[in-house]
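Those sequence lines, one after another, are chains U and R.
Take the position in the first sequence, starting the count at 1, then add 60; the result is the number in this note's numbering.
Take the position in the second sequence, starting the count at 1, then add 40; the result is the number in this note's numbering.
In what follows, a single structure is set out as structure tokens and then discussed.
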Amino acid sequence: MERELVVAARSGDEAAFARLLEREAARTFRAVLAVVRSPEDAEEVVQDASVSAWRHISGLRDEDRWAAWYRRIAVHEALDRAGRRPRLREISIDAPAGLADGVGATRDPTDGWDDRMVVLQALGGLSADDRAVLGLRFGADLEVPDVAAALGIPLGTAKSRLHRAIGRLAPEMGEHDGDR
Amino acid sequence: MMATDEPGLSAAEQKAGTALRMALRDPETEARVTLRARTWLAGPSARRGSRVRWILPAAAALVVVAVAGALLGLRYGSSGGALVPTDSPTPIPSLPGTPGHFDNGEFSFDYPMDWPVLAYRVPESCGVIYLLAAFGTGGWELGTNQPQANGGVLCGLDSVTVPSGGIVVRIYWRGGGPAPMCESPAPTANETFGSAEALKMVNGDVTTWEFRWPDGQFFWSDDPIFEVHTSDAAQLAKAEAMVASFRWGAQAPTSGGLCSPTPAS
């Protein structure tokens with residue numbers, strides 16, 4: 061089914077392209093959010109990636125690679141944006157009081173908005189590449205081979221980068237206790 | 041599936057993964073992103089989404105859906121389309137016979153039915169140019185993008201050939217690019233059709249009309265541009281009549297007053 065949609069989209073069928081986008085939009089948004097750390101920016105990145113994908117889908121030769129191809133466009137767009145504006149939204153002016161004082165070592169990371177801000181802030185301590193691998197794995201819920209495909213890196217590299225990134229994120233969140 | 045199932049992670053790392061997964065959930069924005077995907081249209085609304093999104097309410101996507109059903113596209117058949125009522129008379133004669141009519145909700149225009157359609161809806165030159173249509177009695181050829189040794193791409197431009205007494209019209213817009221800049225003083229129109237303001241430029245046998253957004257400025261990306269290639273006076277007159285029928289529609293793009301003077305507070 062996806063192959064047929066890709067073929068149709070490649071020949072200019074906007075409805076088919078819309079269906080392809082619809083399948084990937086939310087998870088791509090979550091992956092991108094990890095990189096840019098701002099829902100507004102992530103929304104813009106997804107839109108830009110969609111426009112870019114439409115413009116270049118005629119060059120997508122392997123119909124089975126649509127999802128990975130689209131995610132890669134989005135992640136590259138996000139990395140580009142993160143590189144241009146690395147810490148523009150480090151802390152929102154709407155951040156809860158006291159957020160800037162620390163990363164909340166005693167917080168329960170499953171609690172609401174405060175902790176969401178903490179996590180997004182903690183991501184800022186990681187490189188954009190690390191944020192990308194985390195976003196694809198935990199935001200888009202991709203298996204590691206799909207993470208590798210979206211980033212265009214070998215599987216082994218994706219695995220090691222993933223472990224390294226999550227290992228860096230934990231202490232950033234003030235939760236690292238050294239246990240294994 | 042879940043972060044807590046990742047092998048080789050400490051408890052803290054697994055907990056961080058779980059927190060990350062939850063933190064990246066944003067149902068409201070995800071719903072908006074998905075809606076925008078579902079209502080994808082490759083017309084100007086979608087293309088310029090990245091630039092004017094800060095001024096477009098989410099409801100605009102729903103409006104696009106409503107308009108989509110009325111999207112017409114250029115008609116290739118022999119039957120003519122209805123003339124649109126114009127909101128003011130123009131000094132240029134109407135097209136002869138029953139012209140075709142294009143209306144995508146953002147803008148509309150009439151076109152002669154005796155000009156064969158040469159191309160329709162073609163992203164070209166690496167996507168920098170979006171050709172809505174090329175038509176006329178000459179030829180049109182898509183440019184070829186050529187990979188370069190340094191990894192770059194030489195973006196090909198399309199080309200037109202015009203026989204004696206013939207004509208080729210390209211209707212296109214420049215895609216992407218930086219956010220619009222507000223020039224002061226702004227370039228001014230030298231022709232007006234109804235409420236649509238155009239900048240007409242003549243370069244030999246090539247005449248172009250660029251229409252600025254109703255509240256925009258000339259030379260922005262996405263301005264519809266009519267480019268007419270002809271040395272024949274009769275053909276040029278038909279092209280002028282076509283251009284004169286241009287009207288912005290209900291879904292005309294807006295910059296949200298980007299270049300309007302800020303009212304004193």
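Backbone N, C-alpha and C fix where the C-beta goes; we use that ideal spot for every residue, glycine too.
The structure presented is a predicted model; accordingly, all values stated were derived computationally and were not measured.
Query, Result
"Suppose contacts are defined by Cβ-Cβ distances below 8 Å. Is Arg-79(U) in contact with Leu-65(U) by that definition?", "yes"
"Helix, strand or coil: which one does DSSP assign to Gln-275(R)?", "helix"
"Is it true that the segment 274-289 of chain R meets the segment 141-155 of chain R, where meeting means three or more beta-carbon pairs spaced less than 8 Å apart?", "yes"
"Below 8 Å on the Cβ atoms is my contact criterion, and I expect Ala-230(U) with Ala-52(R) to pass it. Report the Cβ-Cβ distance as a whole number of Å.", "4 Å"
"Measuring only the C-alpha atoms, how far is Gly-72(U) from Gly-289(R)?", "24 Å"
"Listed in chain order, which residues of the segment 176-196 of chain U have Cβ atoms closer than 9 Å to some Cβ of chain R?", "Arg-176, Met-177, Val-178, Val-179, Leu-180, Ala-182, Leu-183, Leu-194 and Gly-195"
"Return the Cβ separation of Glu-223(R) and Trp-249(R) in integer angstroms, given the expectation that the two are a contact with Cβ distance under 8 Å.", "Actually they do not touch by this definition, with Cβ atoms about 19 Å apart."
"Express the C-alpha separation of Asn-144(R) and Ile-180(R) in angstroms, rounding to a whole number.", "In the sequence on display, residue 180(R) carries Trp and not Ile. When rounded, the distance between both Cα atoms is 23 Å."
"Do you know whose CA, among Ala-274(R), Thr-74(R), Val-162(R) and Asp-255(R), lies nearest Lys-297(R)'s CA?", "The displayed chain sequence assigns Gly, not Lys, to residue 297(R). Out of Ala-274(R), Thr-74(R), Val-162(R) and Asp-255(R), Asp-255(R) has the C-alpha closest to the C-alpha of Gly-297(R)."
"Rounded to whole angstroms, how far is the Cβ of Thr-177(R) from the Cβ of Trp-155(R), which I believe are closer than 8 Å?", "6 Å"
"Consult DSSP for Asp-143(R) and reduce its assignment to one of helix, strand or coil.", "strand"
"I'd like to know whether the C-beta of Arg-210(R) is nearer than 8 Å to at least one C-beta of chain U.", "no"
"Taking the alpha helix (DSSP H) that Thr-69(R) belongs to, which residues open and close that run?", "67-78"
"Rounding to the nearest angstrom, what Cα-Cα distance links Ile-207(R) and Gln-275(R) in this structure?", "6 Å"
"Using 10 angstroms around the beta-carbon of Pro-293(R), count the other beta-carbons present and answer buried if the total reaches 16, otherwise exposed.", "buried"
"If we ignore side chains and look at the alpha-carbon of each, how far apart do Glu-104(U) and Arg-63(U) end up?", "27 Å"
"When the Cα of Ser-235(R) is compared with those of Arg-287(R), Leu-49(R) and Val-157(R), which residue comes out closest?", "Arg-287(R)"
"Starting from Met-62(R) and walking both ways along the alpha helix (DSSP H), at which residues does that stretch end?", "51-63"
"Would you call Met-241(R) buried or exposed, if buried means 16 or more other Cβ atoms sit within 10 Å of its Cβ?", "exposed"
"In chain R, which residues lie with their C-beta within 9 Å of the C-beta of Ser-71(U)?", "In chain order: nothing, as chain R lies at least about 11 Å away."
"With 9 Å as the limit, tell me which residues of the segment 73-92 of chain U have their beta carbon closer than that to any beta carbon of chain R; keep them in chain order.", "Glu-74, Ala-75, Phe-77, Ala-78, Arg-79, Leu-80, Leu-81, Glu-82, Arg-83, Glu-84, Ala-85, Ala-86, Arg-87, Thr-88, Phe-89, Arg-90 and Ala-91"
"If I measure Cβ to Cβ from Phe-266(R) and keep anything under 6 Å in the same chain, skipping five residues before and after, which residues do I get?", "Ile-211, Trp-249 and Val-283"
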